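Basically the working numbering = 1-based index in the sequence shown + 6.
All C-beta atoms, glycine included, are put in the ideal place defined by N, C-alpha and C.
No experiment lies behind these values; they were computed from the predicted model shown.
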Amino acid sequence: PRRDQVLMIGDGLSSDIRGAVNYGIDACWFNPAGAAQPDGLPIRYEVARLSDLLPLLATD
7 PRRDQVLMIG
17 DGLSSDIRGA
27 VNYGIDACWF
37 NPAGAAQPDG
47 LPIRYEVARL
57 SDLLPLLATD
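Here it is as structure tokens:
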């Protein structure tokens, strides 16, 4: 798939989210603890529950 068709979902900021951003794909941070987003790391999406992913993954 093309990069604009990929969404990386992960709970690790340094490995999952930063890796996706560095590779040029969107990232969704799974953050059930509600931790503050770090400065300097562009996180496009953030969810606290896995069920919150459904609207992000739905296609038209």
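Provide the residue span of the alpha helix (DSSP H) that contains Val12, from first to last.
Taking the sequence shown and counting its residues from 1, the one referred to as residue 12 is at position 6. Counting along the chain, Val12 falls outside any alpha helix (DSSP H), and DSSP gives it neither H nor E.
*Look at Arg55 and Asp32 and say whether their C-beta atoms are less than 8 angstroms apart.*
If you number the sequence shown from 1, residue 55 lands on position 49. If you number the sequence shown from 1, residue 32 lands on position 26. No; because the gap between Cβ atoms is not below 8 angstroms, this pair is not in contact.
**Asked** Sorted by chain position, which residues of the same chain lie with C-beta nearer than 7 angstroms to Ile15's C-beta, five sequence neighbours on each side aside?
**Response** Working through the sequence shown from its first residue, we reach residue 15 at position 9. Result list for Ile15: Cys34, Phe36, Leu59, in chain order.
* **C-beta atoms of Pro38 and Leu19 nearer than 8 angstroms** => The residue labelled residue 38 in the question sits at position 32 within the sequence shown. The residue labelled residue 19 in the question sits at position 13 within the sequence shown. Contact: no.
**OP:** Would you kindly work out how many angstroms separate the C-alpha atoms of Asp10 and Gly30, rounded to a whole number?
**Re:** As a position in the sequence shown, residue 10 is number 4, starting the count at 1. As a position in the sequence shown, residue 30 is number 24, starting the count at 1. About 9 angstroms.
* To which residues of the same chain is Ile23 closer than 8 angstroms at the C-beta, ignoring the five residues directly before and after it? -> Position 17 of the sequence shown, counted from the first residue, corresponds to residue 23. Answer for Ile23: Met14, Gly16, Ala33, Trp35, Leu47, Ile49, listed in chain order.
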